[in-house]
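Residue numbers (my numbering): 8 to 258. Idealized CB from N, CA, C, for every residue including glycine. Computed from a predicted model, the values in this text were never measured in an experiment. Take a look at the structure set out below.
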Amino acid sequence: PTFVRGAETHALATIARSAQRAEELGFESAFTIDHFVVPPPAYACSWLEPMVLLAALAGCTRKMKLGTLVLVLPLRNPTYLAKETATLDFLSGGRLILGVGVGWNELEFNLLHVPHRERGKRTSESLDILKKLWTQDCVTYQGQFFQFENLSIEPKPVQKPHPPFVFGGHTEPSLKLAARLGDGWVTRSLHSVVGGFFDCLSILAGLRFFDRLGLLHRLGFLDCLSLLYRLSLLYRLGLLHRLGFLDCLSL
Numbered sequence: 008p009t010f011v012r013g014a015e016t017h018a019l020a021t022i023a024r025s026a027q028r029a030e031e032l033g034f035e036s037a038f039t040i041d042h043f044v045v046p047p048p049a050y051a052c053s054w055l056e057p058m059v060l061l062a063a064l065a066g067c068t069r070k071m072k073l074g075t076l077v078l079v080l081p082l083r084n085p086t087y088l089a090k091e092t093a094t095l096d097f098l099s100g101g102r103l104i105l106g107v108g109v110g111w112n113e114l115e116f117n118l119l120h121v122p123h124r125e126r127g128k129r130t131s132e133s134l135d136i137l138k139k140l141w142t143q144d145c146v147t148y149q150g151q152f153f154q155f156e157n158l159s160i161e162p163k164p165v166q167k168p169h170p171p172f173v174f175g176g177h178t179e180p181s182l183k184l185a186a187r188l189g190d191g192w193v194t195r196s197l198h199s200v201v202g203g204f205f206d207c208l209s210i211l212a213g214l215r216f217f218d219r220l221g222l223l224h225r226l227g228f229l230d231c232l233s234l235l236y237r238l239s240l241l242y243r244l245g246l247l248h249r250l251g252f253l254d255c256l257s258l
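Encoded structure:
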């Protein structure tokens, strides 16, 4: 419960109890969302700053992975974020999953003085910087948006070579980023699963994303495709609304 509808937000004690109980029940990971402002009309809720929340949860949990789905990467300074995320991975014992996206809400970009039209290029550059600072010392970088010389961060992340990147987004530029640089891709909701999910899969397959990750050799991936295909048929027939999602899953 990182956010609730309306202005109220759960206290840390409540969130910690939920995460600890999920860990006891065998849940493998917990994720939080990221927005600088409450962006109408898409959301009618408030939430906590994700990196601060994950740092708090790192001290409340022991095994489960902790991540963002997704962090609006072009709104962050990548050198500071490299230090912040390396620290979080270190303190959590190597449990960080960094989910990233290019963002969409122009209000957020305007407030933070980041040109909205540059978000894709800034994301690519930031990912490159993160990987370099996580894995190398005395890094020099001369990019379009960021420049620095002989920069090192310590301690480095516990996970080697670095914490995994998971990409959000369903546009073709976002999918190209995921295919080129990502360790995973996440869709948004059941609506996007049945709407554009298979289009996204087609684009990712054409970019050899699944080949690079070895997913085509895992039976579980094909089983998931079969499940999602059946769910899409049920959705189009209106059965998800009439029977309920969990009942349809049992089918």
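Practice prompt. Would you identify the three-state DSSP class for residue 40, choosing helix, strand or coil?
Written response: coil
Discussion item. Assess contact between the region 161-181 and the region 76-83, defined as three or more Cβ pairs (one per stretch) separated by less than 8 Å. Is contact present?
Written reply: yes
Discussion item. Give me, in chain order, the residues of the same chain whose beta-carbon lies closer than 8 Å to that of residue 144; leave out the 5 immediate sequence neighbours on both sides.
Written reply: 159
Item to complete: Assuming residue 150 contacts residue 132 (C-beta within less than 8 Å), just tell me the rounded distance between them.
Response: 5 Å
Worksheet entry | Reduced DSSP secondary structure (H/G/I, E/B, other) of residue 141 | helix
Item to complete: Excluding the 5 residues preceding and the 5 following residue 43 in the sequence, name in chain order all residues of the same chain whose CB lies nearer than 6 Å to its CB.
Response: 115
Worksheet entry | Cβ-Cβ separation, residue 146 to residue 139 (assumed contact under 8 Å), whole Å | 5 Å
Fill in: Residue interval of the beta strand (DSSP E) (run including residue 75)
72-79
Worksheet item: Does the distance from the CB of residue 16 to the CB of residue 58 come in under 9 Å?
Response: no
Discussion item. My output table needs one value for residue 103: the three-state DSSP class, helix, strand or coil.
Written reply: strand
Fill in: Buried or exposed (CB count within 10 angstroms, at least 16 for buried), residue 81
buried
Discussion item. If you follow the alpha helix (DSSP H) that residue 117 is in, where does it begin and where does it stop?
Written reply: 113-118
Worksheet item: Around the Cβ of residue 18, are there at least 16 other Cβ atoms within 10 angstroms (buried) or fewer (exposed)?
Response: exposed
Discussion item. Rounded to whole angstroms, what is the Cα-Cα separation between residue 193 and residue 72?
Written reply: 16 Å
Practice prompt. Note down, in chain order, each residue of its chain lying with its Cβ closer than 7 Å to the Cβ of residue 226, except the 5 sequence neighbours on either side.
Written response: Note that residue 226 scores 37 on pLDDT, short of 50, meaning its location in the model is unreliable and no value can be drawn from it.
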